[in-house]
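Only one structure is covered here, and it is reproduced in the block below.
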């Protein structure tokens with residue numbers, strides 16, 4: 023089967039080995055100043071290619087901004103511009119459930135737990151993981167941040183938690199996390215940051231900031247989606 027058309031080299035793998043292959047490729051490609059990132063299935067790769075074609079950005083300008091803008095200022099700006107997008111900031115409800123910590127990337131598996139037959143791993147320019155959204159030009163629709171916003175938060179979270187971008191599909195992003203937050207206070211702060219970055223993970227998923235904070239304490243991966 024022919025690989026989808028994409029501006030960066032692709033590797034096809036089965037969904038249930040995608041994470042282990044990604045981690046291996048990180049080590050193998052480091053000396054070549056390349057970074058692997060999982061793009062999802064063939065349809066997702068096609069969507070990402072279309073996004074990159076139409077979502078033109080000034081790469082250097084966005085990279086400079088992601089290196090200088092304070093994350094807390096960017097987050098506060100999102101709330102100020104669209105306060106109605108964040109109803110969970112003004113409630114102390116407990117949530118629908120106590121979600122389990124996230125211990126593996128979701129991209130390789132269907133909702134029923136069965137592996138996806140095929141996903142693609144791209145090799146993008148390195149060495150900075152946080153620049154991947156700028157290379158792919160992902161975002162700028164509905165509540166999904168612009169590429170600069172993704173890069174800014176990826177840079178910030180990598181510095182704080184060793185969180186590195188692992189998956190970018192047309193509507194999801196996932197990170198691997200070396201150092202999850204260890205205290206209730208840091209989990210609560212991170213949950214608030216993640217909610218402002220991606221409100222759907224609370225309002226359409228776990229149900230409250232408290233539930234998200236509980237989940238984050240021992241999670242080794244993070245998952246975000248924008249509907």
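In my numbering, the protein residues as written are 23 to 249. Think of the CB as a built atom: it goes at the ideal place given N, C-alpha and C, for glycine as much as any other residue. None of these values were measured; they are calculated from a predicted model.
Asked, Found
"Is the CB-CB distance between residue 204 and residue 129 below 9 Å?", "no"
"For residue 180, name the three-state secondary structure that DSSP assigns.", "helix"
"Among 55, 44, 53 and 97, which residue has its Cα nearest to the Cα of residue 166?", "97"
"Quick one: give me the first and last residue of the alpha helix (DSSP H) that residue 235 is part of.", "231–238"
"Based on DSSP bridge pairs, tell me the residues matched to residue 29.", "In DSSP, residue 29 forms no bridge with anything."
"With a Cβ-Cβ cutoff of 9 Å, do residue 141 and residue 36 count as a contact?", "yes"
"Within 10 Å of its beta-carbon, does residue 169 have 16 or more other beta-carbons around it, so buried, or fewer, so exposed?", "buried"
"Closer than 6 Å by C-beta to residue 250: which residues in its own chain qualify, once you throw out the five before and the five after it? Chain order, please.", "No answer is possible for residue 250: the residues shown for the chain start at 23 and end at 249."
"Helix, strand or coil: which one does DSSP assign to residue 56?", "strand"
"Would a check of beta-carbon distances place residue 107 closer than 9 Å to chain B?", "The structure shown has no chain B; it contains just one protein chain."
"Scan the segment 138–222 and note each continuous alpha helix (DSSP H) run of 4 residues or more that stays entirely inside, going in chain order.", "154–158, 169–183 and 206–219"
"What's the call for residue 49, buried or exposed, on a 16-neighbour Cβ count within 10 Å?", "exposed"
"Which whole-angstrom value is the C-beta distance of residue 188 and residue 59, which I expect to be below 8 Å?", "7 Å"
"Reducing DSSP to helix, strand and coil, say where residue 127 ends up.", "coil"
"Using a Cβ-Cβ cut-off of 7 Å (strictly less than) and excluding sequence neighbours within five positions of residue 153, which residues of its own chain qualify?", "85 and 173"
"What is the DSSP secondary structure of residue 34, reduced to helix, strand or coil?", "strand"
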